[in-house]
Every structure is written in C-alpha cells, then in structure tokens.
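Here the UniProt record's numbering is used: position 36 in the sequence shown is 36, and no number is missing along the way.
All C-beta atoms in this analysis are idealised placements derived from N, C-alpha and C, irrespective of residue type, glycine included.
Report on the structure given below.
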Amino acid sequence: MSNLASFCARYSQQTMQLPGGAEFSYRYYRNPVARATVVLLPVGIGLSDLFYLHFERFAEHYSVITFDYQEQFTTNAELARAVASLLDGLDEHVWLVGQSLGGVIAQIVAKFHPERIEGLVVQYVFAGSGYGSRGSRRIDEHG
Numbered sequence: 001m002s003n004l005a006s007f008c009a010r011y012s013q014q015t016m017q018l019p020g021g022a023e024f025s026y027r028y029y030r031n032p033v034a035r036a037t038v039v040l041l042p043v044g045i046g047l048s049d050l051f052y053l054h055f056e057r058f059a060e061h062y063s064v065i066t067f068d069y070q071e072q073f074t075t076n077a078e079l080a081r082a083v084a085s086l087l088d089g090l091d092e093h094v095w096l097v098g099q100s101l102g103g104v105i106a107q108i109v110a111k112f113h114p115e116r117i118e119g120l121v122v123q124y125v126f127a128g129s130g131y132g133s134r135g136s137r138r139i140d141e142h143g
C-alpha cells in the first residue's frame with residue numbers, strides 16, 4: 001500500500017474532451033489481465049482520492065477508473081451523461097461502484113446507458129423506498 005502522494009504519481013490524471021467540448025479529468029489504470037473494469041464513484045463531496053486505497057486494491061485484478069465530480073457538470077443528470085461519454089470514449093463496459101451520491105450517479109448511468117454497464121455495487125444509497133413510484137418517476141424524467 002502506498003500513500004496518497006505516491007498513488008497520485010503512479011496513477012496520474014488524464015483528460016478527455018467530451019462531445020460538446022467539455023473536458024473530463026479522470027484516473028484510469030488498464031490492467032492487461034483484468035477480469036473486468038470498475039468505476040469508483042465517491043460520496044457527495046466527490047473527491048476520488050478518498051478511494052485511493054480501494055483503487056490500488058482493485059487494480060491488482062481489474063482495470064479501474066475514478067474521477068472527481070467536476071464543477072462544469074452541475075446536475076446529477078449532467079454528470080451521469082459525462083460519465084457515459086467517458087465510457088464511450090474509452091470503449092469500456094464497466095461495473096459501477098458507488099457510495100452515497102456515487103450510488104445515485106451509478107443508478108442514473110445504468111438507467112440511461114445500460115449498454116455500457118455490466119453491474120452495480122452501491123452502498124448507503126437512498127432509492128426512494130417508502131415513496132412509491134415517485135422516486136423512480138423522478139429518475140425516469142430527470143436523471
């Protein structure tokens with residue numbers, strides 16, 4: 001295991017220009033013997049470095065993608081579309097792993113871009129239970 005500084009040096013930030021011109025910064029390790037690709041979606045503050053130990057552990061067996069929640073994407077729907085565009089640009093089919101807000105983003109990406117998603121692992125996520133179909137309707141309508 002490393003410290004955050006050595007993690008950042010080993011897995012440097014990359015940038016992709018998305019359709020429409022927005023730039024998207026991310027970390028990506030493509031493991032040549034990967035069983036699958038995992039996208040780590042952090043909690044509400046959106047700092048992917050919080051997952052650096054997880055990233056390193058997953059990288060032993062999987063390809064791994066993570067990123068900070070970037071200011072130019074001001075709604076969950078915009079961020080979900082940007083994530084889908086990133087996956088398109090990388091030509092990846094992934095497992096989304098999200099905690100809290102990351103789990104919400106994972107559900108939105110999976111709902112609207114199922115062609116890129118192999119599965120979901122979410123933790124500490126509110127999914128609308130107890131509110132009938134209102135929560136599902138909101139995702140359907142707005143993302």
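Practice task
Take every Cβ of the stretch 16-23, pair it with every Cβ of the stretch 54-68, and state whether three or more of those distances are shorter than 8 angstroms.
Solution key: no
Problem - Whether Y11 touches A36 by CB criterion (8 angstroms) - result: Between Y11 and A36, the C-beta gap is not smaller than 8 angstroms, which leaves the two residues out of contact.
Handout entry: Own chain, CB closer than 7 angstroms to N76, minus 5 neighbours either side, in chain order
Key = V104, I105, I108 and G143
Handout entry: Min CB distance H54 to chain D below 8 angstroms
Key = Absent from the structure is chain D; it holds one protein chain and no more.
Handout entry: Sequence-distant residues of its chain with Cβ nearer than 8 angstroms to G119 (five each side left out)
Key = W95 and L96
Practice task
Please specify which runs of the alpha helix (DSSP H), each continuous and at least 4 residues long, are wholly inside the stretch 20-90, giving them in chain order.
Solution key: 52-59 and 76-90
Practice task
Work out the CA separation of A80 and F73 for me, nearest whole Å.
Solution key: 9 angstroms
Handout entry: Reduced DSSP category for V97 - H, G, I as helix; E, B as strand; rest coil
Key = strand
Practice task
May I have the straight-line CA-CA distance separating A34 from N3, to the nearest angstrom?
Solution key: 24 angstroms
Exercise for the section: Check whether the Cβ atoms of R27 and S48 lie closer than 8 angstroms to each other. Expected result: Contact flag set, yes.
Practice task
Name the two residues that bound the continuous beta strand (DSSP E) containing L120.
Solution key: I117 to Q123
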